[in-house]
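**Q** Take a look at this one; I'll ask things after.
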Amino acid sequence: MKIAVTAENNKGLESLVAQHFGHAPYFILVDVENGEVTAVQGVANPFAQSHQPGQIPGFIRQQKADVILSGGMGGRAIDFFAQDGIQAATGASGTVRQALENYFGGKFKEAAPCDESVAHGHG
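Each step along the sequence shown adds one to the number in the numbering used here, with nothing skipped, and position 55 is 210.
The structure is reproduced here in structure tokens:
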């Protein structure tokens, strides 16, 4: 299983989780097998400064991720991930390591549009 996590910096599992999906400077890609981390890779978000709807979900799909974790995410992005069969989960915080522990611990499993997205009619 490959999990992509939005990140503020590129420090592997110690990266801070980005709270705004679309403007996350990095994604930390984590391969997990039998509950163990087998690989960690940081990739810059090529669309952090400017993007069109669907570009970032497409980029995450190209990375072959099965799951995307973020602090917050808009409703359209959630829909794009669902169409691609990628599970999106929001509510992540702390470091990437903590977000993974919380995800596997069942503290968050689903995505809900962030308040900003709902306010702009994207929820």
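A virtual CB, placed ideally from N, CA and C, is assigned to each residue, including glycine.
Does the beta-carbon of Ser248 have 16 or more other beta-carbons within 10 angstroms, so that it is buried, or is it exposed?
**A** It counts as exposed.
**Q** Kindly identify the DSSP beta-bridge partner or partners of Lys157.
**A** According to DSSP, which records beta bridges pairwise, Lys157 is partnered with Asp186.
**Q** Using CA atoms only, rank isn't needed, just tell me which of Lys166, Gly260, Gln238, Thr250 is closest to Ala199.
**A** For the residues Lys166, Gly260, Gln238, Thr250, the minimum Cα distance to Ala199 belongs to Lys166.
**Q** Sorted by chain position, which residues of the same chain lie with C-beta nearer than 8 Å to Pro241's C-beta, five sequence neighbours on each side aside?
**A** The amino acid occupying residue 241 in the given sequence is Ile; Pro does not appear at that position. Excluding positions up to five away in sequence, the list reads Pro212, Ile215, Arg216, Ala220, Asp221, Val222, Ile223.
**Q** In whole angstroms, what separates the C-alpha of Arg252 from that of His175?
**A** When rounded, the distance between both Cα atoms is 18 Å.
**Q** Roughly how many whole angstroms lie between the Cα atoms of Lys157 and Gln210?
**A** In a straight line, the C-alpha of Lys157 is about 19 Å away from that of Gln210.
**Q** Roughly how many angstroms lie between the CA atoms of Ile245 and Glu188, to the nearest whole one?
**A** As written in the sequence, residue 245 is Thr, which differs from the Ile given in the question. Spanning the two alpha carbons is a distance of roughly 22 Å.
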